[in-house]
Amino acid sequence: MNFKPEDIWKQATAPLGQQFGDTWGKVFEAFQQMDVGGLPAPQVNMPQVSIAPEKLQEIQQTYLQEMTELWNQSLSGSVVPKDRRFSGDAWAKNPVSAFSAATYLLNARTLMRLAEAVQSDGKTQNRIRFAVEQWLAAAAPSNFLAMNADAQKKAIESKGETIAKGMQNLLGDLRQGHVSMTDESLFEVGRNVATTEGAVVFENEYFQLIEYTPLTAKVYERPFLLIPPCINKFYILDLQPENSFIRNAVALGHRTFVVSWRNPDQSMAHKTWDDYIENAAIKAIKTVQDITGAPKINALGFCVGGTILSNALAVLAARGDEAVASATFLTTLIDFTDTGILDIFIDENFVKFRELQMGKGGLLKGQDLASTFSFLRPNDLVWNYVVGNYLKGETPPPFDLLYWNSDSTNLPGPFYAWYLRNTYLENNLIKPGKCTVCGEKIDLTRIDIPVYIYGSREDHIVPIGGAYGTTQVLPGKKRFVMGASGHIAGVINPPAAKKRSHWLREDGQFPADVNEWIAGATELPGSWWTDWGNWLKKNAGKQVAAPKTYGKAPKYKATEPAPGRYVKAKA
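All residue numbers for the sequence shown refer to our numbering, where the first residue is 82 and numbers rise by one.
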């Protein structure tokens, strides 16, 4: 049974009149015009969709049944909206507000059932679900002062002060260009985040190389280099001493270096993917070798930093250079078959648009990327703060991770355009010889070194299947671990916190399907950091006396204390 998209909701809710009859059509119209975080919607000719008539009838009957139950509850005064957006006492004590919230939740459930019931190709189904979720998140009655019982109560009790404060918050956020997720005035990079002691020992126009002060009398002979994502700032790995991954590596006895990316301005608007591989990743590897005198080093890449590291290793392999002894990949995509929700933005038209827009030069603004990632979880990372900041006049509590999340970075347009086409769109990295990087036809199967691969079970940016896909590409000895939680919380999980679990398999088997791997894995309590530390130790060589000074005179001298000035530059 075929319908025009805008007719589906009208058919399902026809017995209830036109109160919600236009919703579905509005969802599709909104999606066609959507600009989530600066990313214009792909120019899609929305295909004809269908819903099985029996499924449509089931959804309609369920809606009528639940609406009848809700109406009866309202008559008895027992409506309790079961959603944290409506959990305040003011909602429960106001029958009109409670019924409004409960009706919204019922309509939201029904719209999502319709979205799930749509029969079409996978990408269209995902786009419909995403569009519906975005519209529903924005349409919640909690987002409007006229319907938010909690905000109204606070306004009355404060004699309007919360409204005045909310307006101040709104004006402040308009000036800074993003919704405040935390009290940003309480944080300063180098003062109470990114505080691990170290110094900048090298810099070029792409990055500063930071070396950290040893915390042990001896260090392993193979130094350790971290390459964080260039779409974020490195101090996610060094927020506070108690949860700093960098400090943990130093405390384990590794002579530790990190790439601190420059926040690109117009002077870098023409930089390419090749530039970042040759002049940043490979340059950092060679500089660490030069400073330490080590024939080989150990390296780690996080998220896009891991994709960059994989390309650098493939270029080095093509050149017969074995500079890296082992590699760690944290929530990294190398095989872009499973890219999760981000796939809805990617098609040929969208990539062509970006190539025409900035493929020859330009900048992708950091706030555009930050907004896009926030709208992947709109209730938690957007509307929650809109309600708190503007309707209730609240100042969000201090939270280092959310401060980092708001500290965005730009990207050079040509770099970004190449990345979109060769990874998300065409998945070329896993095709031997398909990509030419830094003058070399790269083949990831030539990266024959021990690798440690980590993925987070609930990651919405790098799905667990995407992270696991690396096990099917790299030929060397592998260890894969799955951690609990998401893209950041799963990674930043120090052992002392005794939080979350991780999963391991010791049989050395890596079936093609991640679910088969999970079925044979053992859940272990606590952080995966300890397991990783034991693995890296085996690849770090013997211990030698820790260096007394930074860098290596006269070529590599400490020029400024960590975290350096590059990380402090705002987008």
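From the three backbone atoms N, C-alpha and C, an ideal C-beta is built for every residue, glycine too.
For I372 and Y301, the rounded distance between their alpha carbons: 14 angstroms
Under 9 angstroms between C-beta atoms of P295 and A627: yes
Buried versus exposed call for K651 [16 or more other C-beta atoms within 10 Å across all chains shown]: exposed
In chain order, each alpha helix (DSSP H) run of at least 4 residues that lies wholly inside the stretch 517 to 549: 545 to 549
Which of helix, strand or coil DSSP assigns to E587: coil
Candidates H335, A298, A275: closest to K314 by CA position: A275
Nearest-angstrom Cα separation, counted from G645 out to P513: 38 angstroms
Buried or exposed (CB count within 10 angstroms, at least 16 for buried), E41: Nothing can be reported for residue 41: it is not among the residues displayed for the chain, which extend from 82 to 652.
Per-residue burial, P35 [other beta carbons within 10 Å of its own, 16 or more giving buried]: What is shown of the chain runs 82 to 652, which leaves residue 35 out entirely.
Contacting residues, own chain, Cβ-Cβ under 6 angstroms from D103 (five flanking each side not counted): Bear in mind that the predicted position of D103 carries a pLDDT of just 44, short of 50, making it unreliable; the figure below should be weighed with that in mind. None.
Assigned exposure category for L290 - 16 Cβ within 10 Å defines buried: buried
Meets three-Cβ-pair contact criterion under 8 angstroms: the stretch 429 to 441 and the stretch 542 to 558: no
Cα-Cα separation, Y637 to V282: 5 angstroms
Stretch pair the stretch 437 to 448 + the stretch 525 to 535: three plus CB contacts closer than 8 angstroms: no
The stretch 262 to 279 / the stretch 478 to 488 touching (three or more Cβ pairs under 8 angstroms): yes
Same chain, Cβ closer than 7 angstroms to S223, neighbours up to 5 away in sequence not counted: R166, F167, N229, V468
Own chain partners of H541 with C-beta closer than 8 angstroms, once the 5 adjacent residues on each side are dropped: G421, I422, L457, R458, G567, H568
Candidates S537, W172, S582, K559: closest to E592 by CA position: It is Pro, not Glu, that sits at residue 592 in the sequence shown. Out of S537, W172, S582, K559, K559 has the C-alpha closest to the C-alpha of P592.
Residue of K522, K299, R527, K240 minimising C-alpha distance to G557: R527
4-residue-minimum alpha helix (DSSP H) runs that sit fully inside the stretch 313 to 400, ordered along the chain: 326 to 332, 354 to 357, 364 to 373, 385 to 399
Residues near V213 by beta carbon distance below 7 angstroms, same chain, minus five either side: V108, L192, M193, A196
N- and C-terminal bounds of the beta strand (DSSP E) containing G614: Note, G614: premise wrong, no beta strand (DSSP E); alpha helix (DSSP H) at 610 to 619.
Of the residues Q200, L156, S608, A182, the one placed nearest D164, counting alpha carbons only: A182
Cβ-Cβ separation, G387 to M439 (assumed contact under 8 angstroms), whole Å: Not quite, the Cβ-Cβ distance comes to about 24 angstroms (not below 8 angstroms), so this is no contact.
For L472, three-class secondary structure by DSSP: helix
DSSP-derived helix/strand/coil call for M563: strand
Beta-carbon proximity of I378 to I389, cut-off 9 angstroms: no
Residues bridged to Q249 [DSSP beta-bridge criterion]: DSSP output for Q249 lists no bridge partner at all.
Run of the beta strand (DSSP E) containing G571, from where it starts to where it stops: Careful: G571 lies outside any beta strand (DSSP E) and carries neither H nor E.
Delimiting residues of the alpha helix (DSSP H) encompassing F456: 447 to 456
Assigned secondary structure, S582 (DSSP; H/G/I helix, E/B strand, else coil): strand
Where E110 falls: helix, strand or coil (DSSP): Because E110 sits at a pLDDT of 46, beneath the cut-off of 50, its placement in the model cannot be relied upon, and the following sentence gives the value as read from the coordinates. Looking at E110 - three-state DSSP - the assignment turns out to be helix.
Local conformation of S201 per DSSP, three classes: coil
Given F561 as reference, the closest of Q142, E436, T409 once Cα atoms are compared: T409
Inter-residue spacing [alpha-carbon to alpha-carbon] between L320 and A570: 12 angstroms
Whether R336 touches F288 by CB criterion (9 angstroms): no
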